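Have a look at the structure below before the remarks.
2 protein chains.
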Amino acid sequence: MHQRQRKILDMLQRGKLLIREAAVELGVTEMTLRRDLKLLEERKLILCVKGGAIPYPAKYEPESAASEMTDCKFAIANALYQRIMPAESIFISAGSTSLAFAKVIARCNRLPLTVITNSLPAASTLFRSCCKVILLGGELRSNSLDLVGPIAEKNLEEYHVDWLISGCDAALSDYGFYTSDISVSNLEKKSLRIASHAAIITDSSKFGRRALTRFATLDDIDLLVTDDGISPDDANNLTGSGLELIQIPAGT
Amino acid sequence: MHQRQRKILDMLQRGKLLIREAAVELGVTEMTLRRDLKLLEERKLILCVKGGAIPYPAKYEPESAASEMTDCKFAIANALYQRIMPAESIFISAGSTSLAFAKVIARCNRLPLTVITNSLPAASTLFRSCCKVILLGGELRSNSLDLVGPIAEKNLEEYHVDWLISGCDAALSDYGFYTSDISVSNLEKKSLRIASHAAIITDSSKFGRRALTRFATLDDIDLLVTDDGISPDDANNLTGSGLELIQIPAGT
DNA sequence: GGGGCGAATGTTAAAAAATAACATTTTCTT
DNA sequence: AAGAAAATGTTATTTTTTAACATTCGCCCC
Numbered sequence: 001m002h003q004r005q006r007k008i009l010d011m012l013q014r015g016k017l018l019i020r021e022a023a024v025e026l027g028v029t030e031m032t033l034r035r036d037l038k039l040l041e042e043r044k045l046i047l048c049v050k051g052g053a054i055p056y057p058a059k060y061e062p063e064s065a066a067s068e069m070t071d072c073k074f075a076i077a078n079a080l081y082q083r084i085m086p087a088e089s090i091f092i093s094a095g096s097t098s099l100a101f102a103k104v105i106a107r108c109n110r111l112p113l114t115v116i117t118n119s120l121p122a123a124s125t126l127f128r129s130c131c132k133v134i135l136l137g138g139e140l141r142s143n144s145l146d147l148v149g150p151i152a153e154k155n156l157e158e159y160h161v162d163w164l165i166s167g168c169d170a171a172l173s174d175y176g177f178y179t180s181d182i183s184v185s186n187l188e189k190k191s192l193r194i195a196s197h198a199a200i201i202t203d204s205s206k207f208g209r210r211a212l213t214r215f216a217t218l219d220d221i222d223l224l225v226t227d228d229g230i231s232p233d234d235a236n237n238l239t240g241s242g243l244e245l246i247q248i249p250a251g252t
Numbered sequence: 253m254h255q256r257q258r259k260i261l262d263m264l265q266r267g268k269l270l271i272r273e274a275a276v277e278l279g280v281t282e283m284t285l286r287r288d289l290k291l292l293e294e295r296k297l298i299l300c301v302k303g304g305a306i307p308y309p310a311k312y313e314p315e316s317a318a319s320e321m322t323d324c325k326f327a328i329a330n331a332l333y334q335r336i337m338p339a340e341s342i343f344i345s346a347g348s349t350s351l352a353f354a355k356v357i358a359r360c361n362r363l364p365l366t367v368i369t370n371s372l373p374a375a376s377t378l379f380r381s382c383c384k385v386i387l388l389g390g391e392l393r394s395n396s397l398d399l400v401g402p403i404a405e406k407n408l409e410e411y412h413v414d415w416l417i418s419g420c421d422a423a424l425s426d427y428g429f430y431t432s433d434i435s436v437s438n439l440e441k442k443s444l445r446i447a448s449h450a451a452i453i454t455d456s457s458k459f460g461r462r463a464l465t466r467f468a469t470l471d472d473i474d475l476l477v478t479d480d481g482i483s484p485d486d487a488n489n490l491t492g493s494g495l496e497l498i499q500i501p502a503g504t
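Residue numbers (my numbering), protein chains in the order written: chain C, 1 to 252; chain S, 253 to 504.
Dropping the structure here:
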């Protein structure tokens with residue numbers, strides 16, 4: 001890496017950098033500095049703001065998460081939030097749907113819940129809120145930013161929660177809920193055991209599909225929140241097995 | 253809050269917003285939108301970048317950290333990095349000095365170390381790097397963004413590291429190293445036990461002072477990296493007790 | 001109901017910043 | 001040392017931002 005670019009990063013460590021000032025300090029043209037900044041931005045080392053640059057904000061969200069935050073997901077998360085308010089402690093699993101739920105909690109920021117999670121995005125969403133946040137330990141997976149593995153599972157045993165909140169990758173209305181990741185599945189299974197109640201929030205597109213492993217049967221789940229895109233048959237199957245079904249009208 | 257501003261925040265959930273596009277979508281002038289964005293930026297809800305805005309990047313650093321990232325700290329961290337390269341696994345404790353060290357590791361990004369830490373800032377600095385990151389579990393303290401407490405300490409027992417890297421709040425050259433936080437101290441003591449070697453990095457201003465609790469004696473520490481601002485007496489005391497002392501010239 | 005006040009929004013012109021295209025210098029290779 | 005390639009500088013153009021002022025809208029009070 002270039003000597004000058006290294007210096008730019010150094011200057012940024014202590015805050016923001018103004019192009020006009022930094023150009024003279026570095027003894028180069030603004031144009032040259034801009035070119036450096038552009039390169040550094042492409043490498044996600046800095047973020048260009050108007051007139052200058054700041055250190056790249058450590059995003060605690062997988063690349064995919066932002067694009068998956070549809071209005072529908074928030075509507076579903078909101079509906080669950082209404083139901084779950086009286087809870088004192090909840091476990092929020094990793095995944096974009098449960099992250100939406102964490103964001104709803106943070107935005108409302110009304111009740112001092114205790115939130116246990118293995119998701120860094122969720123923890124970072126909530127750490128400024130009035131909730132107490134407990135993070136499971138373990139190996140940090142860099143693409144999903146969650147903590148899984150034996151340590152995470154073992155830590156889970158230390159806790160009991162009123163609610164487990166989870167998403168899923170696939171669901172069959174007569175069989176249960178799937179995830180495509182075996183480590184996640186193991187953790188989900190364990191978390192079901194420490195929770196008094198379990199809720200799954202998912203959009204209806206997940207129904208009628210399978211994924212790698214089933215982590216919960218219908219009996220395991222107390223509450224399912226989804227949109228109104230599932231078939232009447234599916235809805236019957238679900239309610240028939242005793243779980244409560246909440247369907248959000250798609251237009252909400 | 254204004255209806256429109258709320259909508260702006262919603263639009264941002266899914267990524268960035270372009271002023272030109274969003275203005276038509278919201279049915280207002282660019283000027284009006286700009287004024288909204290300015291207000292939202294003042295409230296640290298968004299960050300304006302050229303031509304648009306992004307969600308406010310959640311800072312995974314205590315407020316104080318940025319201002320404490322002096323050149324001196326980086327020089328010290330760099331010196332330690334040179335020494336520690338052959339290590340395979342290291343524990344990085346919480347604190348602004350060890351965060352500087354994490355940043356050095358991330359910036360160089362050369363060796364695939366295994367890094368265990370109880371510091372979210374450190375974890376977030378390193379998760380994109382070639383290092384494997386392991387996070388201790390426990391309660392997340394919202395001001396320092398670190399994990400402490402019995403769970404964190406218990407997790408620590410699962411690991412062994414080649415190096416412990418820590419800062420300190422105060423130091424006496426004939427007695428040892430202090431921190432002003434009892435939870436941190438407990439964790440530090442435990443981490444000393446799982447490490448083959450221990451290094452402390454600190455600027456010289458910490459010398460000659462005490463803080464709440466001593467977490468390490470001179471014997472516990474193998475390597476001390478600091479600047480050249482400590483007295484000859486202090487230097488003698490330190491080297492006399494068998495630890496290796498590295499002093500960085502202040503001008504570096 | 002209308003006058004008037006203040007907030008919100010819109011309009012326009014000027015300033016600042018970013019971009020693009022091209023010129024010049026430096027660096028490296030052979 | 002020549003030539004090519006990379007880096008930097010220069011200039012002109014476009015885009016974005018700001019500032020200043022005009023207009024509209026909503027609201028309160030008489």
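Each residue gets a CB set at the ideal place from its N, CA and C atoms; glycine is no exception. On a predicted model such as this, the values are computed, not experimentally measured, just so you know.
Item	Value
Is the CB-CB distance between G15 (chain C) and G390 (chain S) below 9 Å?	no
Closest Cβ-Cβ distance between F376 (chain S) and chain C: below 9 Å?	Per the sequence presented here, residue 376 (chain S) reads as Ser, with Phe not at that position. Cβ-Cβ to chain C under 9 Å: yes for S376 (chain S).
Can you give me the Cβ contacts of I246 (chain C) inside the same chain, cut-off strictly under 6 Å, excluding the 5 residues immediately before and after it?	A79, V225
CA-CA distance, F379 (chain S) and I446 (chain S)?	23 Å
Between D228 (chain C) and chain S, is the shortest Cβ-Cβ distance under 9 Å, so that the two count as touching?	no
Following the continuous beta strand (DSSP E) through S418 (chain S), name the residue where it begins and the one where it ends.	413 to 418
By how many angstroms is the C-alpha of L140 (chain C) removed from the C-alpha of D146 (chain C)?	6 Å
Excluding the 5 residues flanking A354 (chain S) on each side, which residues of the same chain have their C-beta closer than 8 Å to its C-beta?	I344, V367, T369, S371, P373, A374, T377, L378
Please list, in chain order, all residues of the same chain as L264 (chain S) whose beta carbon is under 8 Å from its beta carbon, the five residues on each side excluded.	I298, A305, I306, P307
Can you list, in chain order, the residues of its chain whose CB lies under 7 Å from that of L111 (chain C), leaving out five sequence neighbours each side?	M85
State the Cα-Cα distance for the pair L172 (chain C) and E153 (chain C), rounded to the nearest angstrom.	26 Å
Quick one, are the C-beta atoms of V436 (chain S) and G347 (chain S) less than 9 Å apart?	yes
Looking only at C-alpha atoms, which of C:V24, C:I19, C:G27, C:E25 sits nearest to L37 (chain C)?	C:I19
Only counting runs of 4 or more residues, tell me where the alpha helix (DSSP H) segments fall wholly within the region 138 to 220 of chain C, in order along the chain.	150 to 156, 182 to 193
Using beta carbons (cut-off 9 Å, strictly below), is P249 (chain C) in contact with chain S?	no
Which residues in the same chain as N407 (chain S) place their Cβ atom closer than 8 Å to its Cβ, once the five residues preceding and following it in sequence are excluded?	L388, G389, G390
Would you mind listing the alpha helix (DSSP H) stretches within the region 34 to 112 of chain C that are 4+ residues and don't spill past its ends, in chain order?	63 to 68, 71 to 84, 96 to 108
Could you tell me which residues DSSP puts in a beta bridge with S371 (chain S)?	S:D398
Using a Cβ-Cβ cutoff of less than 7 Å, which residues in the same chain neighbour P309 (chain S) once the five nearest sequence positions on both sides are dropped?	L299
Would you please verify whether the beta carbon of A274 (chain S) is less than 9 Å from any beta carbon of chain C?	no
Inspect the beta-carbon positions of R83 (chain C) and L192 (chain C) and report whether they are closer than 9 Å.	no
Given a threshold of 16 other Cβ atoms within 10 Å of its Cβ, counted over all protein chains shown, does A473 (chain S) qualify as buried or as exposed?	At residue 473 (chain S) the sequence reads Ile, which differs from the Ala that was named. It counts as buried.
Is it true that the CB of L470 (chain S) sits closer than 9 Å to the CB of N489 (chain S)?	yes
For K458 (chain S), which of S:T284, S:F429, S:E273 has the nearest alpha-carbon?	S:F429
Is the CB-CB distance between I90 (chain C) and I201 (chain C) below 9 Å?	no
Mind checking R359 (chain S): buried by the 16 CB within 10 Å criterion, or exposed?	buried
May I ask which residues mark the beginning and end of the beta strand (DSSP E) holding T29 (chain C)?	Run containing T29 (chain C): none; DSSP gives neither H nor E here.
From S456 (chain S) to I500 (chain S), what does the alpha carbon distance come to, in whole angstroms?	10 Å
Under 9 Å between C-beta atoms, does L416 (chain S) make it to chain C?	no
From D10 (chain C) to E409 (chain S), what does the alpha carbon distance come to, in whole angstroms?	36 Å
Would you kindly work out how many angstroms separate the C-alpha atoms of G511 (chain S) and K73 (chain C), rounded to a whole number?	No answer is possible for residue 511 (chain S): the residues shown for chain S start at 253 and end at 504.
Less than 8 Å between the CB atoms is what I'm expecting for E440 (chain S) and F467 (chain S), so what's the real figure, rounded?	4 Å
Have a look at the DSSP bridge pairing and note the partners of T114 (chain C).	C:S89, C:K132
Can you tell me whether Y427 (chain S) is buried or exposed? The criterion is at least 16 other CB atoms within 10 Å of its CB, across all chains shown.	exposed
Could you pull the start and end residues of the alpha helix (DSSP H) that D474 (chain S) belongs to?	Neither: D474 (chain S) is in no alpha helix (DSSP H) and is coded neither H nor E.
I'd like to know if Q265 (chain S) contacts chain C, where contact means its C-beta is closer than 9 Å to some C-beta of that chain.	yes
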